[in-house]
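First up is the structure itself, then whatever we jot down about it.
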């Protein structure tokens, strides 16, 4: 599931991380079928062509340095015939599994159709392993199933956070998926020594607690989670200053202000310089750092400084560093620091679920089929 524009892959990071497993399998003489999803085609008004995996073929060929076949579906008689024609060491990419409703429904019959094509199943999809979907969970009922090198690496690195972690352990949480992330905050606050918040998640907390008059108010479900968060904890670090811009004006300007002094029509789009320095001090004193979610609208230069400067601080830190999530990875790549981190996960939601002790259905399925 990678970004594609004009039929070309924007960032091949997730694909690159699977190459060692794909190369190992082909070098052993296996016929390798690659399954993947892209977006949510059945819930989108865009054309089906917008979600085809066809553009991934040339990128896979470039990275693997070999020809890659492609099928226009992931199940069916035509796919079965193409599989029969594969030679040992060849690789074929199947079309988007989410073109079938059975994928998201974890449908057993759909999983049977997928597994009828193969003899062994290998999971390299950590990013969706917190979902009980057919291509990662139900398929394990019908084939001998194993983790790939990437999945093993994800689990090994994330266990560093939950099994006797080096301390001080600091975590940075940002991004816009408030409903998902707010549920993780209370459990994380118990685990870490420092929890630094930015992005929409911080803005929502500031609004819910009346510190900021910015809008909108969080929905009831989110507000309840925020009520349970101990805002008095000295481990919790919220922005002390922010960068804002008007939401209903044609003017383009930014200003820095304390969260309690912004106007109703203004929108918080980044953390301010004082917050950056506060976070930097925590980072410099940390032995283990985990980051999930950018701290502002990093795509726009005016609102990128928080994410950029904190990214650079994390990269330069002596701590063991872990980051996860598509936007986080993209931001680190944009500011040329992604390669400096010790581990960058291909999952965001999956990473948070793993770190807060939730059982990931796809990994549970592998463990139960040892």
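In the working numbering, the protein residues as written are 157 to 526. Don't be surprised by glycine CBs; every beta carbon is placed ideally from N, CA and C. Just so we're clear, the structure is a prediction, and the values are computed from it rather than from any experiment.
Let me check one thing: in DSSP terms, what residues is residue i bridge-paired to?
i	result
residue 448	329, 480
residue 226	249
residue 399	412, 426
In the DSSP assignment, the alpha helix (DSSP H) including residue i goes from what residue to what residue?
i	result
residue 171	169-183
residue 248	Unbroken run through residue 248 is the beta strand (DSSP E), 247-249; no alpha helix (DSSP H).
residue 472	461-472
residue 376	376-383
residue 338	334-347
Buried or exposed: residue i, going by 16 or more other Cβ atoms within 10 Å of its Cβ?
i	result
residue 312	exposed
residue 386	exposed
residue 196	exposed
residue 293	buried
residue 275	exposed
residue 537	The chain is shown only over 157 to 526; residue 537 falls outside these bounds and no answer can be derived.
residue 192	buried
residue 388	exposed
residue 166	exposed
residue 244	exposed
Under a three-way DSSP split, which group does residue i fall into?
i	result
residue 352	strand
residue 197	helix
residue 523	helix
residue 160	strand
residue 518	helix
residue 137	For the chain, the structure presents residues 157 to 526; residue 137 sits outside this window and is missing.
residue 279	strand
residue 418	coil
residue 406	Because residue 406 sits at a pLDDT of 46, beneath the cut-off of 50, its placement in the model cannot be relied upon, and the point is left open.
residue 550	Because the chain in this structure spans residues 157 to 526, residue 550 falls outside the shown range and cannot be described.
residue 292	coil
residue 423	strand
residue 453	coil
Over the uninterrupted beta strand (DSSP E) stretch that includes residue i, give me the two end residues.
i	result
residue 252	That residue, residue 252, is in no beta strand (DSSP E); it is neither H nor E in DSSP.
residue 189	188-190
Consider the Cβ of residue i: report whether some Cβ of chain B lies at a distance smaller than 7 Å.
i	result
residue 174	Any reference to chain B falls outside this structure, which holds one protein chain only.
Residue i and residue j look like a contact to me (Cβ under 8 Å); what is the Cβ gap, rounded to whole Å?
i	j	result
residue 357	residue 331	7 Å
residue 335	residue 278	About 32 Å separates the two Cβ atoms, so there is no contact after all.
residue 521	residue 296	4 Å
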